[in-house]
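When we follow my numbering, the leftmost residue of the sequence shown carries the number 975, and every step to the right adds one.
Don't be surprised by glycine CBs; every beta carbon is placed ideally from N, CA and C.
All of these numbers come straight from a predicted model, not from anything done at the bench.
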Amino acid sequence: MGAERIVAGMDRHESLKTIQERHTPWDMIIIGGGATGLGTAVDAASRGYDVILFEQADFAKGTSSRSTKLVHGGVRYLQQGNVSLVMEALLERGRLLKNAPHLVSDLAFIVPSYEWWESPFYGIGLKVYDLLAGKYGFGRSEHLSRKQVIEEIPSINPEALRGGTRYFDGQFDDARLAISLAITAAEHGATVINYAGVTAIKKDASGAANGVSIRDVESGKEIEVFGKVIVNATGPQADAVRRLDQPNAESIVAPSQGIHIVLDRSFIPRDSAIMVPHTDDGRVMFAIPWYDVAVVGTTDTPIDEISLEPTPFDHEIDFILETANRYLSRPACRSYIKSVFAGIRPLVKAGSGGSTAALSRDHTILIDPDSGMMTVVGGKWTTYRKMAEDVVDQASVLGELETAACMTESLRIHGHHENPGILGRLSFYGSDAASIQSLIDSDATLLQPIHPHLKTTAAEVVWACHHEMARTVEDVLSRRSRSLLFDARAASEAAEHVAKLMASELGHDEAWVVDQTAAFRLLAEGYTIT
Ligand SMILES: Cc1cc2nc3c(=O)[nH]c(=O)nc-3n(C[C@H](O)[C@H](O)[C@H](O)COP(=O)(O)OP(=O)(O)OC[C@H]3O[C@@H](n4cnc5c(N)ncnc54)[C@H](O)[C@@H]3O)c2cc1C
């Protein structure tokens, strides 16, 4: 198998060639390949606009691969009385399930009650949640007896347990959705390029932003690209990109770090998640069954430094273990943690100070009064489509583009499959599963898992290289497959094998294999508890 099998639209070399050969401005230049930027690219391209998207690292390398993996209205925002935000998110939750059933599913959550007042209190709140979801509801909430709670969550701490409330919400694979959005955008004519960071904003004689300089991380080459509208969708890095435009721009992002720990699935052995509505720091915490693991989190720690690879703080890990252990019959400890990952919320500053839990979860669109560069920041994964629609509506006016209606409410996302359940382990590939199976049928060695503790097969590595713009071992082990989150040690051990497979597909030499293996192993240390 050689590099010639790379498909159009997700062929990085072709995309770079396109931008170098092009002399007319694009309708829209999007900076940032997370949920917000990719969603904007899908929206704009499906309206017929001519779009280019640049991501400095890999798609979803930032916050968009580090979420709690919930497609939800946000029970907590209901507690805060933010009904419109919850209603919008519930509507988007329903749309996402319809448009990407291979990546989104419903999930039962149980709020356990240890005090007499908890069941009626949370029961009423969750009935309101049901009502707000209306026809987009995922299932009706109900009271559960003590016995039913123990049946649904055999690992629950039974001491003083009175019963609980069950409600339904959505769950997804964040990085896989991002990759599917990148492919959807490409299928609608957008050009998307990873490992291409924007280093400068270009201006015309009047000071209006009319282009960007990008650096191709692989070749080190700088390229200039021109466009009618520039959209800064760089999440936590939004202020850094705004300062490329206006060096004195004041910060609008209040970064807050959230971490998750990943435990063995035996901690949440059935299909229901635990939802803790009020932790000691006033947050909601979840313990969720996800693939073959249990994901537990999250924290909310205001931070000063924004990094693409944030480090979990020890006190955050302790806080999650302590809180989770109050609800688990078999306490978890550090040595049980298979992986730990941190992400940064790009919260929008709401005037003066206060805790980050009180900051706006809505999105904000800013248009710089001098340059006209648009910045979109905030929101959440669940509402990425609505954010994108708002951005493109405004961008089309700003760039004097021909008016075109938004198509994404019912636009199928790449891989859409009516009945993904029949696809077994490959269900998250949706309609691509058949092609991956064909690869295996043509070469049985590709059925081999990349590690005895990981289910990802060699065929998926090959697929990721040719169809999903995977460029590094990290792309494959962290975002095309979720191996790094499932088991950081096993992923580290698999790195060399994956590097060799990728090298033979992408035409790299032994030195590349050595570099990639070392780089991934260093990265994986940050996800491993020693
Ligand atoms: C701990 C945590 C849990 C969460 N859980 C949920 C959840 O369960 N459900 C939910 O709906 N939402 C959740 N969210 C929110 C959601 O994940 C974010 O709102 C969303 O991912 C933000 O996407 P984004 O595209 O704006 O930012 P990002 O995903 O960070 O994307 C920005 C991208 O811009 C790129 N970039 C930066 N600078 C440049 C440059 N100069 N040139 C090119 N590219 C650049 C970055 O590399 C990055 O990939 C959670 C967030 C956190 C932190």
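Looking at the strands, I want to know which residues DSSP matches up with residue i.
| i | result |
| --- | --- |
| TYR1141 | PHE1083 |
| GLY1271 | HIS1234 and PHE1260 |
| GLU1198 | SER1187 |
| LEU1302 | ILE1130 |
| ARG1319 | SER1230 |
| GLY1171 | ARG1189 |
| LEU1027 | ILE1004 and VAL1166 |
| LYS1177 | ALA1183 |
| ILE1204 | ILE1003 |
| SER1313 | VAL1236 |
| VAL1049 | For VAL1049, which the question treats as bridged, DSSP gives no partner whatsoever. |
| VAL1078 | PHE1146 |
| LEU1044 | GLN1145 |
| PRO1276 | SER1230 |
| LEU1428 | HIS1425 |
Which term fits residue i, buried or exposed, when burial requires 16 or more other beta carbons within 10 angstroms of its beta carbon?
| i | result |
| --- | --- |
| GLN1030 | buried |
| ASN1184 | buried |
| TRP1355 | buried |
| ILE1098 | exposed |
| TRP1090 | exposed |
| SER1326 | Model confidence at SER1326 stands at a pLDDT of 31, short of 50, so the residue's coordinates are unreliable; what they give is reported in the following sentence. The residue in question, SER1326, is exposed, as its Cβ has fewer than 16 Cβ neighbours within 10 Å. |
| GLU1422 | It is Gln, not Glu, that sits at residue 1422 in the sequence shown. Label assigned to GLN1422: exposed. |
| ARG1304 | exposed |
| CYS1439 | buried |
| GLY1181 | exposed |
| GLN994 | exposed |
| GLN1490 | buried |
| SER1329 | Note that SER1329 scores 40 on pLDDT, short of 50, meaning its location in the model is unreliable and no value can be drawn from it. |
| THR1446 | buried |
| SER1409 | exposed |
| LEU1027 | buried |
| ILE1396 | exposed |
| HIS1441 | buried |
| LEU1400 | buried |
| LYS991 | exposed |
| GLU1499 | exposed |
| ASP1255 | exposed |
| ALA1159 | buried |
| VAL1270 | buried |
| LEU1321 | buried |
| VAL1435 | buried |
| ASN1168 | buried |
| PRO1221 | exposed |
| ALA1379 | exposed |
| ARG1114 | exposed |
Could you spell out the range, first to last residue, of the beta strand (DSSP E) harbouring residue i?
| i | result |
| --- | --- |
| MET1061 | Premise fails: MET1061 lies in the alpha helix (DSSP H), 1057 to 1073, not in any beta strand (DSSP E). |
| GLU1116 | 1116 to 1119 |
| LEU1155 | Counting along the chain, LEU1155 falls outside any beta strand (DSSP E), though it belongs to the alpha helix (DSSP H) covering 1148 to 1161. |
| THR1165 | 1165 to 1167 |
| HIS1425 | 1423 to 1425 |
| SER1246 | 1246 to 1250 |
Could you give the first and the last residue of the continuous alpha helix (DSSP H) run that contains residue i?
| i | result |
| --- | --- |
| HIS1441 | 1432 to 1441 |
| TRP1486 | 1484 to 1499 |
| GLU995 | 986 to 995 |
| THR1014 | 1009 to 1020 |
| ALA1214 | 1212 to 1219 |
| GLY1097 | 1092 to 1107 |
| SER1412 | 1407 to 1416 |
| GLU1479 | 1462 to 1480 |
Taking 8 Å as the CB-CB cut-off, is residue i touching chain D?
| i | result |
| --- | --- |
| GLN1122 | Any reference to chain D falls outside this structure, which holds one protein chain only. |
* **Any beta strand (DSSP E) of 3 or more consecutive residues that is wholly inside the stretch 1332 to 1397** => Within the stretch 1332 to 1397, the complete beta strand (DSSP E) runs of at least 3 residues are 1337 to 1341 and 1348 to 1352.
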